[in-house]
Amino acid sequence: MAQVAELARPLLSPQEERIERGEPIGLVSEEAQRKRARIHRMLAGFRDKPIRMNLERAHLLTESFKQTEGQPVIVRWGKALAHILRNISIHIGEDELIVGSAGPPGRYAIFFPELEEKFFTQEARPSEPDDSLVLTEEDVQVINEELKPYWEGKQYHGAFINALPDDTRRILELYCIIAPTATARSSLAWNHDYEKVLKRGIKGIKAEAEEKLASLDPVNPKDRVEKEPFLQAVILTCDAIVEFAHRYAKLARSMAKKEKDAKRKKELLEIAEVCEWVPENPARTFREAVQSQWLIQTVSRLEQRIGGTVGNGRIDQFFYPYYKKDIEEGRLTKDEALELVECMWIGMAQNVEIYTAPGSLSFTDGYAHWEATTVGGVDKDGKDATNELSYLLLQSKKEFPLNYPDLAARIHSQTPEPFLHAIAETIKEGTGFPKLFFDEEIIPLFLSKGGTVEEANDYCICGCTEAKMINHDAVSTGCAWTNLGAIVEMTLNDGKLKLFGDQQIGVSTGNPRQFKSYDDLWHAFCWQAENVMKHTFTQQYVADTLKAKFIAAPMCSMLHDLCMKECKDIHDGPIDGALYLGFIDTLGFATAIDSLAAVKRLVFDDKKLTMAELLDALDANFEGKEAVRQMCLNAPKYGNNDPYADSIGRNIEAFFVKLTRKYKSAFGGELDIRYVTITAHVPFGAVLGATPDGRKAGEPIAEGVSPSQGADKKGPTASLVSIANTKASGYKERAARLLNMKLSPSAVAGPEGTRKLMSLIRTACDLKMWHLQFNIINKETLIAAQKDPEKYRNLLVRVAGYSAYFVDLTPQLQDEIIKRTEHAF
Amino acid sequence: MDVWGRDSSRPLRGCMNSQTRKDKRSADVGLIFNIQKFSLHDGTGIRTLVFLKGCPLLCTWCSNPEGQCFVPELAYNRNKCIGIHECDHCRPLCEMDAITHAADGKVEINRTLCNDCGKCVDACPSKALTLFGEYITVPDVIRIVEEDGSFYARSGGGLTLSGGEPISQPEFSTNVLSTARSRGIDTAVETTGFCEWDAVRSVCEHANQVFFDVKSMDSEKHRAGTGVSNELILENLVRLRKEFRKLRITVRTPVVPGFNDSREDIAAIADFLSRLPIPVQYELLPYHGFGEPKYQQLGRKYLLGDVKPPSQECMATLRRVVISEMNLTRTEA
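Here the protein sequences line up with chains A and B, keeping their order.
Everything in the first sequence is counted per this note's numbering, starting at 493 for the first residue and increasing by one.
Everything in the second sequence is counted per this note's numbering, starting at 8 for the first residue and increasing by one.
Dropping the structure here:
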């Protein structure tokens, strides 16, 4: 009897087919190539260009900072930003319609001297011919002779490390148990209120600041010392932004004068007109709206290091009125609209994020940056918000070949079937877009945390899997990653890690060989976990309180309702009325569950092994102990809807949320529990010995809330139910749960397959998942890509809340992705 | 070696050294060899497949050979065995001395001695040794099936009984299906049709959809490929169609190169189907060799190792034959 109607040959996803045909990078359909020839031209050879380093921003920042020693921090940053915007080199590319760049032409990275600590502690050197990042002799000279002497001793990072209690500093310096990210970026993933600029113009914001300045109480010292400098910085910033746009207008006009081609000449003059109007004034057309939003993003990239994690917000909502009006009045076609947003996508892709701060070097692989772009979901009123533009953005994601922006679709119980259908069809392309977020989980959680109904309904995605209520949340300090795998190892090693020998890292919880019951093990685990959390809370508190002494962000702040109301910089918490919804990442969730489940089953329940036998096998990294490892591998595993494992997961989550509920962050906020690994599960696993889940020393720990790689043997439905079952649903101290799922193209083939994918997504919504993303790809393709990177250089895969080129990933991460279970059936 | 790849001293059906073991099957307890969730190709929506063990047919191409025998069988996956140097948990436990080892240390099962008792299975840490076949009660099947209830609700999916031949355990299958249906779960059955009519009727009465295999119209050929002639099957199909006029019936033919992949073979089936009083759906499924590793695990030889799946062109041609021979409500594209 036929069990499956599987086709005999592996079916390929559209992306895999394109690679098989050897197509160069470009828009993916012939129709799109014809209709948007400009974009197709701009894409040609895009990824061949080397990445250049923008050191101009660093130079200008430093130049300004030298002049402003001793002044209020916000004023210093206002002046510095203005200095940058007035003097940084600008350019307009050949085919560009939307202008603005935070770096030299082509792909570029920005050097942030206020944060780049590694470049200073280690000797910078010029790049080799094969390096993807170009660093010239001159660049190195600037770094070593100009930037380093000034910034040494003035960086947030150094101050942060010095301010930590000794024991916390010691554990942080190991980097693999708690990895702080507070000083790697200026801010946590963020989202500007672009709509404010589109509706009111920079002019309107400046007027508001001027009005406030005029109405300050001249006798009140708080007004004078705190509010006045803030407002002055805002006004300065507003002027500089407008001037920045006008510089582009001027450049476009002078280029138009010299331009021979009449068509391009006209385009350049249009660019000039647009930049003379926005972002100073409210946008009137779709093109002006896109240009205005893009310039704000460009300034944001120059202002502070969050460019890559600043989202585009609910772009299908705030652009829609302009789109609709233009279409109705015959000013714009759908293809022109696509061309404009895709000009912006190219701008995003040109900015490459290179993390060089210690502890973060390999933590985000594949040049990860996000620019999360939200489509769909409900509107403020709770009704479905999908519109024509939502569909158009999905279409662009299907046809536009680069991994930017990161498209995020909000799904709710009433997401229209056609929209869900379009989403499923886009997912089936196999490039990992869009990632999905579920209103039915996120909105109630935000309500419980203190958001209003309107704010919660209007949340948007930013960064990897964060969601924000953009005018209410004010958290701006990067969170810390904690290693659950290390907690397991310390539990079974009396607070020590094998890598560090006899050094007492955690608390002493006793010789595990003496544990009499699973309860003994569990209590030791909780004790170790509490200790790690203690240091995590501590470092976050220090980072929060210290940051405003070093970093301010006048533009980011002036776009936030509450910062403007309080006349306070976003970093300078607590801001009255703001909700501080921070979090800590716990990594290796499945590793911890499976490890505890294996000990419970093998040692305490079935008594197949003694604790000593198990620990000896771990100490030997299972060398000569393969039988023990096999028992571990075949013990109950999370991800199979097995209550034995899932209940342990539920207890782990409950332990953490109960603990975090007891304390507040420096600004009175929550530190929720989140499971977002990005790619840190690879370096976090690299430092660990073998674990009782059967994982060998050095192998990655599990990522997100996904089951351990290859452990989910009962299919995606069982995984989803397991994830729902481990959630401490009764607590609000929860945040993002990242989930990867790999399906074979044959599982979702044809119209029938699309419908089944749609119902899988609907059910994930019913099960109140936070996030879900798919890789629709054959394992064989990934293995082939490892062997022949040249052929597969355009192969996009979903990594962790973002898609990246497979060949750009480290071999370890490539292996990890290959090992994720592929659900075929 | 017989035509089904088993040592001829050990007939497959009725069967083996384990014959003396008590048959625990009843109306409340069934013998299954797998429950597979997230099944997408065996009925509407996202389904759970329950595979019942034991089949009256012995198709040479069978992709579920572990579903053929009516008692639990020892399976041995050599790739997973870590060898006696690392482990050696199984050998001392075997009362029949059926476990030896090869030069590389991996164990070997002497199938003429093995009585499929399963004692070695519990001891095997790597699950190289497993038992195909597990006795399960109706409530336990229903409980596992209902774990995916929210997926059925969204996708229109449900439970599909497969095998093996589910109708060979007619009372159990009837109980599972009627219980599922009374609890609002969509039901489907995949059958060879080679069973007593009363059993077919009793089970299919509780199914919303039946997948019914017709492998060949030529009785002799049918016997050569499956071990049984086709008269009972065809007769049951006609009666099923007549008695359950509203039942959704999908006839399926596995297209096996060298057996039934000619235009004439398929045309004959299509012609037969087109004469049924009420139309049925008809699907052609290309043969695949994915079952081969399981033959090895059962200590059997896979006789179709050289057979390649039918080409896409061949399948397309045969589908055209079907379309021209009959006016079907739908053919699987």
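All C-beta atoms, glycine included, are put in the ideal place defined by N, C-alpha and C.
This structure is a prediction, so every number in the text was calculated from the model and none was measured.
For residue 106(B) and residue 1119(A), the rounded distance between their alpha carbons: 18 Å
Host alpha helix (DSSP H) of residue 220(B) (start-end): Per DSSP, residue 220(B) belongs to no alpha helix (DSSP H); it is in the beta strand (DSSP E), 216-220.
Buried or exposed by the 16-neighbour rule on C-beta atoms within 10 Å, applied to residue 843(A): By the 10 Å Cβ count, residue 843(A) comes out buried.
Pick from 316(B), 318(B), 304(B) and 320(B) that is closest to residue 134(B), judged by C-alpha positions: Ranking 316(B), 318(B), 304(B) and 320(B) by Cα distance to residue 134(B) puts 304(B) first.
For residue 672(A), three-class secondary structure by DSSP: DSSP places residue 672(A) in strand when its eight states are reduced to three.
Residues that residue 343(B) contacts on chain A, provided the C-beta gap is smaller than 9 Å: Nothing in the structure corresponds to residue 343(B), since chain B is present only between 8 and 340.
Cβ contact (3+ pairs, closer than 8 Å) linking the stretch 1236-1244 of chain A and the stretch 891-911 of chain A: Between the stretch 1236-1244 of chain A and the stretch 891-911 of chain A there are fewer than three C-beta pairs closer than 8 Å, too few to call the two in contact.
Chain B contact residues for residue 1126(A), given Cβ-Cβ distances below 8 Å: 132, 133 and 134
Residues of the stretch 1246-1259 of chain A whose Cβ lies closer than 8 Å to any Cβ of chain B, in chain order: 1247, 1248, 1251, 1252, 1254, 1255, 1258 and 1259
DSSP-derived helix/strand/coil call for residue 996(A): The answer is coil: DSSP assigns residue 996(A) none of H, G, I, E or B.
Cut-off 6 Å between Cβ atoms - residues of its own chain near residue 850(A), not counting five sequence neighbours on either side: Because the pLDDT of residue 850(A) is 36, which lies under 50, any placement of that residue in the model is unreliable, and the question is left without a value.
Near-chain A residues of the stretch 155-168 of chain B - C-beta to any C-beta below 7 Å: 155, 157, 158, 161 and 162
Touching by the beta-carbon criterion (3+ pairs, under 8 Å), the stretch 162-176 of chain B and the stretch 46-53 of chain B: yes
Whole-Å CB distance - residue 872(A) paired with residue 950(A), under 8 Å assumed: Taking C-beta atoms under 8 Å as the contact rule, residue 872(A) and residue 950(A) qualify, at a distance of about 5 Å.
N- and C-terminal bounds of the alpha helix (DSSP H) containing residue 1124(A): 1118-1125
Cβ of residue 93(B) within 7 Å of any chain A Cβ: yes
Boundaries of the beta strand (DSSP E) in which residue 165(B) is found, first to last residue: 165-170
Among 204(B), 236(B) and 184(B), the one whose alpha carbon lies nearest that of residue 215(B): 184(B)
Backbone CA spacing between residue 1312(A) and residue 654(A) [nearest angstrom]: 40 Å
Contact with chain A by residue 44(B), beta-carbon distance below 7 Å: yes
Classification of residue 945(A) by the beta-carbon crowding that lies within 10 angstroms, buried from 16 upward: exposed
Inter-residue spacing [alpha-carbon to alpha-carbon] between residue 1251(A) and residue 909(A): 10 Å
Contact set between residue 96(B) and chain A, taken where Cβ atoms lie within less than 8 Å: The contact set of residue 96(B) on chain A, defined by CB atoms closer than 8 Å, consists of 1119 in chain order.
Between the CA atoms of residue 1187(A) and residue 1121(A) - distance to the nearest angstrom: 8 Å
Min CB distance residue 184(B) to chain A below 7 Å: no
Any C-beta of chain A under 7 Å from that of residue 38(B): no
Alpha carbon of residue 619(A) to alpha carbon of residue 629(A), nearest angstrom: 9 Å
Residue 293(B) - partner residues in DSSP beta bridges: 262(B)
Straight-line gap, residue 776(A) to residue 762(A) (C-alpha atoms, nearest Å): 14 Å
Under 7 Å from the C-beta of residue 1207(A): neighbouring residues of chain B: 44 and 45
Buried versus exposed, by CB contacts within 10 Å (16 or more), residue 21(B): Summary for residue 21(B): the model assigns pLDDT 43, below 50, so the residue's position carries little reliability; its value from the coordinates is reported in the next sentence. So residue 21(B) counts as exposed.
With 16 other Cβ atoms within 10 Å as the buried cut-off, status of residue 536(A): exposed
Same chain only: Cβ atoms within 6 Å of residue 745(A), ignoring 5 sequence neighbours per side: 764
As assigned by DSSP and simplified to three states, the class of residue 21(B): Unreliable positioning characterises residue 21(B) in this predicted model, as indicated by a pLDDT of 43, which lies under 50. The coordinate reading is nonetheless provided below. Note: residue 21(B) maps to coil in three-state DSSP.
Listed by chain order, chain B residues near residue 1213(A) by CB distance under 7 Å: 154
Chain B residues whose Cβ lies nearer than 8 Å to that of residue 1123(A): 132
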